[in-house]
Amino acid sequence: MSDERESNGPKDGPNDGPNDGPNDGPNDGPKDGPNDGPNGGDEPSFIPYTPPRLDAGAAELRGAEFEALMDSRRSVRHFSADPVPRSLIERAIRTASTAPSGAHRQPWRFVAVSDAPTKRAIRIAAEREEQVSYGGRMSEEWRCALRPLGTDADKGYLEVVPWIVVVFEERFGLSDAGETIKNYYVKESVGIACGLFIAALHSMGLATLTHTPSPMGFLSRVLGRPANERPYILFPIGYPAADARVPDIERKTLDEVAVWNPERPVGDDD
Ligand code: IYR
5 MSDERESNGP KDGPNDGPND GPNDGPNDGP KDGPNDGPNG GDEPSFIPYT
55 PPRLDAGAAE LRGAEFEALM DSRRSVRHFS ADPVPRSLIE RAIRTASTAP
105 SGAHRQPWRF VAVSDAPTKR AIRIAAEREE QVSYGGRMSE EWRCALRPLG
155 TDADKGYLEV VPWIVVVFEE RFGLSDAGET IKNYYVKESV GIACGLFIAA
205 LHSMGLATLT HTPSPMGFLS RVLGRPANER PYILFPIGYP AADARVPDIE
255 RKTLDEVAVW NPERPVGDDD
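Residue numbers for the sequence shown follow my numbering, beginning at 5 and rising by one.
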């Protein structure tokens with residue numbers, strides 16, 4: 005995958021998203037240098053980890069409650085302008101930041117915006133890109149795939165919501181001396197953090213949308229982020245509008261998404 009997202013416009017279809025393959029592995033990004041990270045060469049240090057073991061009944065109950073909570077989440081495009089306390093956004097960011105990450109580098113930045121001029125600047129720039137995308141940069145096949153969702157280039161919700169959080173992936177770290185510090189599995193790590201962020205928002209009764217205006221390099225400019233950070237995803241956050249509507253769509257069933265003990269090819273003994 006190219007490191008330059010800006011050149012990677014929506015004509016590539018769904019693969020243009022942040023999840024275009026596990027290519028941010030150890031061989032991607034800055035090459036090994038003298039600085040192998042903040043803990044390079046340190047001896048590992050371990051502490052006990054003894055979370056309480058739930059009995060089967062309690063586990064079933066808790067799991068079922070969590071599944072039902074998450075199953076009640078929907079992506080929202082019709083928001084209320086009602087204010088959301090900053091403390092809730094802080095909690096969601098802290099929760100997201102508990103995600104596992106490659107070499108524990110925590111390669112994410114959550115840039116939270118509540119001021120109207122910046123939200124407006126984001127809306128204007130996002131709509132400019134989306135107009136080009138919906139106007140032909142996206143393939144006909146892609147536009148067809150989006151039709152059931154009723155999306156278009158109008159991103160008015162970016163000015164309605166009390167908060168926008170833009171998540172940036174930290175492609176590589178920078179030491180105090182300005183040396184680059186290699187990060188690992190950046191996209192996977194940031195994707196997991198975003199999943200936890202969405203879950204945390206939902207648990208607090210807040211609504212959001214995984215919005216990926218494409219290309220989204222403009223977010224670095226508008227938000228003044230450094231070159232080692234790349235926009236990953238944009239979350240408009242608020243309460244759903246009183247008259248909010250969501251597409252009438254279904255989730256895949258367990259049977260459609262799960263495979264159990266698949267047969268291994270004959271002779272494959274390794
Ligand atoms: N970024 C555009 C298009 C879009 C793409 C996908 I894949 C979606 O699931 C939804 C929208 C937009 O935000 O409208």
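C-beta atoms are modelled at their ideal positions from N, C-alpha and C, and glycine is treated no differently.
Problem set entry | Nearest-angstrom beta carbon gap, Ser105 and Ser295 [assumed within contact, 8 Å] | Since the first residue shown for the chain is 5 and the last is 274, residue 295 is missing from the structure and cannot be characterised.
Exercise. Going by Cα to Cα distance, which pick from Gly160, Cys198, Asn265 and Cys148 is closest to Ala120?
Worked result: Gly160
Problem set entry | Every unbroken alpha helix (DSSP H) inside the stretch 125–151 [4 residues or more] | 144–150
Exercise. Is the beta carbon of Thr257 within less than 7 Å of some heavy atom of the ligand IYR?
Worked result: no
Exercise. Between which two residues does the beta strand (DSSP E) harbouring Phe114 extend?
Worked result: Trp112 to Val117
Problem set entry | Heavy atom of the ligand IYR within 7 Å of His82 beta-carbon | no
Problem set entry | Pair within 8 Å by beta-carbon distance, Ala130 and Leu150 | no
Exercise. Helix, strand or coil for Thr212 per DSSP?
Worked result: strand
Exercise. Does the beta-carbon distance from Lys186 to Phe176 come in below 8 Å?
Worked result: yes
Exercise. Is it the case that the Cβ atoms of Pro344 and Glu133 are separated by a distance below 8 Å?
Worked result: What is shown of the chain runs 5 to 274, which leaves residue 344 out entirely.
Exercise. At a cut-off of 7 Å, is Pro217 close to the ligand NAD when judged by its beta-carbon and the heavy atoms of the ligand?
Worked result: The ligand content of the structure shown is limited to the ligand IYR, which means the ligand NAD is not among them.
Exercise. How many whole angstroms separate the CB atoms of Ala85 and Pro166, which I take to be in contact at a CB cut-off of 8 Å?
Worked result: 7 Å
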